[in-house]
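If you want this note's numbering, it's the position in the sequence shown, counting the first as 1, plus 25. A virtual CB, placed ideally from N, CA and C, is assigned to each residue, including glycine. Keep in mind that this is a model prediction, so the values were computed, not measured.
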Amino acid sequence: MLGALQVQRGLAALVDGGRSFDPGSYDAAVLPRLLTVFCETPEQSVKVTDLLLRDGNLPLVLLDLQTMPLRRIGRIPASTWHRFQRLVERSGTALVVMTPQPIVEAARVRITLRSNWNLSALTQPRDELCESLHAQVYRRGRQIQPLEEVHVRTA
Numbered sequence: 026m027l028g029a030l031q032v033q034r035g036l037a038a039l040v041d042g043g044r045s046f047d048p049g050s051y052d053a054a055v056l057p058r059l060l061t062v063f064c065e066t067p068e069q070s071v072k073v074t075d076l077l078l079r080d081g082n083l084p085l086v087l088l089d090l091q092t093m094p095l096r097r098i099g100r101i102p103a104s105t106w107h108r109f110q111r112l113v114e115r116s117g118t119a120l121v122v123m124t125p126q127p128i129v130e131a132a133r134v135r136i137t138l139r140s141n142w143n144l145s146a147l148t149q150p151r152d153e154l155c156e157s158l159h160a161q162v163y164r165r166g167r168q169i170q171p172l173e174e175v176h177v178r179t180a
């Protein structure tokens, strides 16, 4: 997604709920197009995301809660996700929420990423790792139905 920012000359925000984003591992040309906010708790992350969505000036907001304890993420009320959905619909902003397990009931689309990585993956280039990811895309409905399986590529 960050590579697409550079290609499309777009702007985005990353709300990093676990301080896991490493700016040094990305192309320096992408970073000026990315507002990054580091948060310590899921509650802080939700507040920052709420402000960014209400502002409505960024076409893409990424909320990364992947490294947060699942029990803490689970305490975020469902009403929060529904409020975010209404804000996104009004503003046209795309919100991507990254969690270790499906949490966001209000999500219209869910993408599940799978890999067979081991410790040696820590030394592999990001491009190679992305090529080995398998993404399963689901659309919200009465029952979540798989749409397609895609391979992830970097821009």
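Q. If you follow the alpha helix (DSSP H) that Arg108 is part of, which residue opens it and which one closes it?
A. Counting from one through the sequence shown, the residue named residue 108 turns up at place 83. Ala103 to Ser116 is the extent of the alpha helix (DSSP H) around Arg108.
**OP:** Return the Cβ separation of Asp89 and Phe63 in integer angstroms, given the expectation that the two are a contact with Cβ distance under 8 Å.
**Re:** In the sequence shown, the residue the question calls residue 89 occupies position 64. In the sequence shown, the residue the question calls residue 63 occupies position 38. With a Cβ gap of about 10 Å, Asp89 and Phe63 do not count as contacting.
Taking only the alpha-carbon atoms, compute the straight-line gap between Leu83 and Val134 and give it to the nearest angstrom. Translated into positions along the sequence shown, residue 83 becomes position 58. Translated into positions along the sequence shown, residue 134 becomes position 109. Computed Cα separation, rounded: 20 Å.
Q) Do three or more CB pairs link the region 122-136 to the region 96-111 at distances below 8 Å? A) yes
Notebook entry, point to check: How far does the alpha helix (DSSP H) with Thr74 in it reach, from first residue to last?
Noted result: Your numbering for residue 74 matches position 49 in the sequence shown. Per DSSP, the unbroken alpha helix (DSSP H) holding Thr74 starts and ends at Pro67 to Asp80.
message = Between which residues of its own chain and Val71 is the CB-CB distance below 7 Å, once the five residues before and five after are set aside?
response = Translated into the one-based positions of the sequence shown, residue 71 becomes position 46. Residues of the same chain with a CB within less than 7 Å of the CB of Val71, apart from the 5 flanking positions on each side, are Ile101 and Thr105 in chain order.
According to DSSP, what are the bridge partners of Val134? Within the sequence shown, the letter at position 109 stands for residue 134. Per DSSP, Arg164.
Using alpha carbons as the reference points, say which of Leu76, Pro48 and Asp52 lies closest to Thr61.
-> Walking along the sequence shown from the start, residue 61 turns up at place 36. The residue with the shortest Cα to Cα distance from Thr61 is Pro48.
From this set, Gln69, Arg97 and Arg58, which residue's C-alpha is nearest Thr124's C-alpha? Within the sequence shown, numbered from 1, the residue matching residue 124 stands at position 99. Closest by alpha carbon: Arg97.
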